[in-house]
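J.: Per our numbering, the very first residue in the sequence shown carries number 2; after that it's consecutive. Virtual Cβ for every residue (Gly too), placed ideally from N, Cα, C. Small disclaimer: the values here were computed from a predicted structure and weren't measured. Take a look at this one; I'll ask things after.
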Amino acid sequence: MKQFFYPRSVAVVGVSELPTNLGRVIVNNLLDFGFQGQIFPVGPRGGQVRGLEIVPSVLELPQPVDLVTVLAPALIVPKILDHCAQRGINRVVVESGGFSECSEAGRVLEEEVRQRLHDYGIRLVGPNGLGLINLEVGLCLPFAQIPLRPPVGGVSVVAQSGGVGANLISWLAQEGLGMNKFISLGNKLNINEDDVLAFLLEDDGTHIIYLYLEDIVDGRRLMDLGQSATKPILLHKANIGIASAAIARSHTSALTVDDKVVDAACVQAGLCRVHTQADFLLAAKALEQPPLKGNRLAVMSRSGGQAVLVADACQRWGFELPPLSDRIQNLIRSRSRAGIIEPINPVDLGDVYDFSLYRDLMHEFCRDPVYDAVLLNYEPLSDEEKGVARDTVQEQIRLAERYNKPLVIAVIGELEEQHYFRKEIGVPVFDFPEEAIQALALARQASPSTVANSPAIAPALELTAVSRVLEPHLYTPGSLSLPIALEVFQSLGLVVPEWQLVDSVAAAESAAAQFNCPVCLKMVAPSAVHKSDLGGVLLNLETPKAAAQGFAQLQQVAAQRLPAGEDWQALIMPMVEGGIEVLLGARRDHTFGPISGGAV
């Protein structure tokens with residue numbers, strides 16, 4: 002992946018001198034973003050764009066290049082790959098559509114491309130995407146203009162949809178959040194989210210990773226990467242229902258995944274799942290702060306009503322508001338009018354116009370280990386106080402950095418002030434205090450410490466004993482019988498009550514006499530998968546005689562409900578008191594592999 006994001010030379014295939022040509026937009030983006038490598042426009046008509054000669058074909062490039070970007074009709078993409086292979090080029094980005102997302106003919110064409118990639122050893126991003134961006138080196142390959150450019154920062158975006166990705170770039174810019182890298186996966190023909198995620202986890206410039214996916218190629222590998230991550234990973238898995246499935250299939254060839262499985266995988270692997278683009282932006286703002294180490298907040302507010310809303314949000318998102326220390330209470334009393342400000346957390350400072358108190362309170366909250374983060378509700382009451390208020394907030398920001406403690410700022414009702422903090426001071430701000438609390442909750446969920454403490458994937462088991470049990474039955478059609486299933490449980494070290502197989506009334510009575518009654522009888526037959534539905538389960542048989550009568554009852558069930566001539570037996574075991582009844586099921590998910598779940 003490094004060659005994709007750090008090429009020394011780029012060829013753009015599909016360029017012409019026409020003003021409406023989208024290939025020339027890619028060339029413009031490379032030049033406007035300051036790409037320092039060599040740029041070679043390629044198009045059959047030749048000409049010039051931005052002072053660069055348009056080369057007629059890849060075969061006529063003056064030298065091999067590190068990366069080729071293609072925005073040409075889908076039907077000629079295989080030929081372009083042939084030319085790349087002849088020139089020794091092994092990294093290609095295809096932004097063209099017209100493949101499996103469109104039609105059966107497009108699917109056949111995509112398979113032709115896939116075969117060429119395999120034969121030539123070429124790695125390809127796309128097709129049907131928006132290319133990639135690396136702000137560190139000025140690499141910008143989308144065929145759309147990027148009107149709002151984020152500053153260089155630590156957020157990297159992996160988006161299956163180019164449109165969603167482009168919108169997120171604009172939002173990052175508007176929020177003043179720094180971006181590092183962006184990639185649009187499209188149809189994920191040759192490179193998928195796991196390939197990119199593995200690279201970004203090792204990338205020094207990336208500190209926060211956002212994945213927007215409409216399907217998941219290899220869920221098990223995604224979970225493994227999540228568990229090993231030392232960076233926050235925010236997963237936005239869309240395409241969760243019938244309504245979205247057809248749309249996703251038609252624009253990125255995406256297939257749906259069971260959403261409950263995705264939720265469980267995120268919890269197990271320590272991935273932070275977000276359900277909206279807005280949630281991602283909230284989390285990214287909070288993750289720009291030092292790591293949140295606990296759930297205890299200190300809140301300063303210019304409004305009592307806003308303080309009430311904060312308290313409600315803290316309860317909703319699992320945060321505590323520890324009482325103020327005597328030291329902090331005395332500080333508030335000494336600097337406010339008697340009987341006006343009650344020294345409680347959240348602190349209502351609506352009657353305080355001495356902004357040095359804000360600074361001093363921030364200092365106390367930062368140095369006090371009782372508080373894990375500080376929320377400031379900033380609400381300027383007049384134009385006259387904005388200047389001193391801005392200076393005070395900047396002092397508070399410096400204090401938070403000094404003590405390595407998160408400070409989240411909600412600038413309420415003042416668009417001019419929000420813009421000032423985002424653009425001039427360069428700190429993320431929130432429109433509402435409730436959003437700030439939610440953002441802290443998302444950041445807490447996404448933090449590496451949460452990943453480290455998440456429920457572990459079941460460790461590898463010693464399966465030699467299990468294999469011995471299963472090997473004789475591997476090619477037997479149908480479900481495993483109950484006795485074999487119990488042997489599997491025993492081979493895994495699970496405690497299973499003693500049991501016997503019986504095939505007569507006398508054998509049932511004899512076995513029951515060996516156990517401590519009551520006992521149960523369960524029919525065992527190839528067709529008796531759902532035994533209870535057949536009447537093939539008898540519980541709480543209190544005596545050996547009752548067990549004998551129970552077997553006779555099962556004989557009648559077999560005669561009436563089983564196929565003629567089918568052999569059957571009964572499994573007898575003692576009833577067990579106490580414990581918890583658990584119903585488990587297992588299946589193989591096409592994305593996440595073997596999964597299990599159930600009810601307690």
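Could you give the DSSP three-state label for GLY24: helix, strand or coil?
T.: DSSP places GLY24 in helix when its eight states are reduced to three.
J.: Which same chain residues, not among the five before or five after SER101, have their C-beta less than 7 Å away from its C-beta?
T.: The answer, listed in chain order, is GLY107, ARG108, GLU111, ASN188 and SER254.
J.: DSSP state of ARG124, grouped into three classes?
T.: Three-state DSSP puts ARG124 in a strand.
J.: Which residues mark the beginning and the end of the beta strand (DSSP E) in which ALA374 is found?
T.: 374-379 is the span of the beta strand (DSSP E), which, as asked, contains ALA374.
J.: Straight-line CA distance for ARG25 to GLU402?
T.: Going by the C-alpha atoms only, they are around 44 Å apart.
J.: From which residue to which residue does the alpha helix (DSSP H) around LYS424 run?
T.: From DSSP, LYS424 is part of no alpha helix (DSSP H); its letter is neither H nor E.
J.: Where does GLN570 fall in DSSP's three states?
T.: Residue state, collapsed to three classes: strand.
J.: Run through the region 53-140 for me and flag every whole beta strand (DSSP E) of 3 or more residues, listed as ranges in chain order.
T.: Taking only runs of at least 3 residues, the beta strand (DSSP E) segments lying wholly in the region 53-140 are 68-71, 92-95, 124-126 and 133-135.
J.: So the beta strand (DSSP E) GLN501 belongs to, where does it begin and stop?
T.: Where GLN501 is concerned, the enclosing beta strand (DSSP E) stretches over 501-503.
J.: Roughly how many angstroms separate the alpha carbons of SER383 and GLU415, rounded to a whole number?
T.: Cα to Cα, the separation comes out at about 11 Å.
J.: Beta carbon of GLN161, beta carbon of TYR213: below 8 Å?
T.: Result yes, Cβ atoms of GLN161 and TYR213 sit closer than 8 Å.
J.: Helix, strand or coil for MET301 per DSSP?
T.: In the structure shown, MET301 sits in a strand (DSSP, three-state: E or B).
J.: Taking Cβ to Cβ, would you say ILE342 is nearer than 8 Å to LEU332?
T.: No, these two residues do not count as a Cβ contact at 8 Å.
J.: With 16 other CB atoms within 10 Å as the buried threshold, where does LEU136 fall?
T.: It is buried - the Cβ of LEU136 has at least 16 other Cβ atoms within 10 Å.
J.: For a test of the three-state rule: what should DSSP assign to TYR211, helix, strand or coil?
T.: Strand, per DSSP.
J.: Looking at the structure shown, is ASP384 part of a helix, part of a strand, or coil, going by DSSP?
T.: Note: ASP384 maps to coil in three-state DSSP.
J.: Check the C-beta distance from PHE34 over to GLY139 and give it rounded, since I have them as a contact under 8 Å.
T.: Sure, about 4 Å apart at Cβ, within 8 Å.
J.: Could you give the DSSP three-state label for PRO473: helix, strand or coil?
T.: Reduced to three states, the DSSP call for PRO473 is helix.
J.: Bridge partners of ALA406, per DSSP?
T.: The sequence shown places Lys at residue 406, rather than the Ala named in the question. Paired residue(s): none; LYS406 is not in a bridge.
J.: May I ask you to report which of helix, strand or coil DSSP gives MET363?
T.: Of the three classes helix, strand and coil, the one that applies to MET363 here is helix, per DSSP.
J.: Let me check one thing: in DSSP terms, what residues is PRO42 bridge-paired to?
T.: Answer by DSSP bridge pairing, in chain order: VAL13.
J.: Spatial neighbours of PRO323 within its chain, please: CB distance less than 6 Å, with the 5 preceding and 5 following residues excluded, ordered by chain position.
T.: Here the set comprises ARG297 and VAL371.
J.: Can you look up ASP392 in the DSSP assignment and give me helix, strand or coil?
T.: Reduced to three states, the DSSP call for ASP392 is helix.
J.: In this structure, how does DSSP classify GLU415 when only helix, strand and coil are distinguished?
T.: Looking at GLU415 - three-state DSSP - the assignment turns out to be coil, as it is neither helix nor strand.
J.: Please confirm if the region 422-437 is in contact with the region 175-184, defined as three or more CB-CB distances below 8 Å between the two stretches.
T.: In short, these stretches touch, since the Cβ pair count reaches three.
J.: Quick one: grab the DSSP three-state call for CYS315.
T.: It is helical.
J.: Bridge partners for LEU236 per DSSP, in chain order?
T.: According to DSSP, which records beta bridges pairwise, LEU236 is partnered with LEU212 and ARG274.
J.: Where does ASP590 fall in DSSP's three states?
T.: Reduced to three states, the DSSP call for ASP590 is strand.
J.: Which residue marks the beginning of the alpha helix (DSSP H) containing ASN331, and which one marks its end?
T.: Its alpha helix (DSSP H) spans residues 327-335.
J.: For the candidate residues SER97, ASP205 and ASP225, whose alpha-carbon lies nearest to that of ASP196?
T.: Selected option, being the one with the closest Cα: ASP225.
J.: Going along the chain, which residues of its own chain have a beta-carbon closer than 7 Å to the beta-carbon of TYR404, five neighbours each way excluded?
T.: Hits under 7 Å: CYS367 and ARG368.
J.: Using the Cα positions of VAL16 and LYS286, report the straight-line distance between them to the nearest angstrom.
T.: The alpha-carbon atoms of VAL16 and LYS286 are separated by roughly 38 Å.
J.: Please indicate yes or no: does the CB of GLY179 lie closer than 7 Å to some heavy atom of the ligand FAD?
T.: The ligand FAD is not part of this structure, which contains no ligands at all.
J.: So if DSSP puts PRO575 in a beta bridge, which residue, or which two residues, is it bridged to?
T.: PRO575 pairs with VAL520.
J.: Assign ASP327 to one of two classes, buried (16 or more other C-beta atoms within 10 Å of its C-beta) or exposed (fewer than that).
T.: With fewer than 16 other Cβ atoms within 10 Å, it is exposed.
J.: What did DSSP end up calling MET224 once you bin it into helix, strand or coil?
T.: Of the three classes helix, strand and coil, the one that applies to MET224 here is helix, per DSSP.
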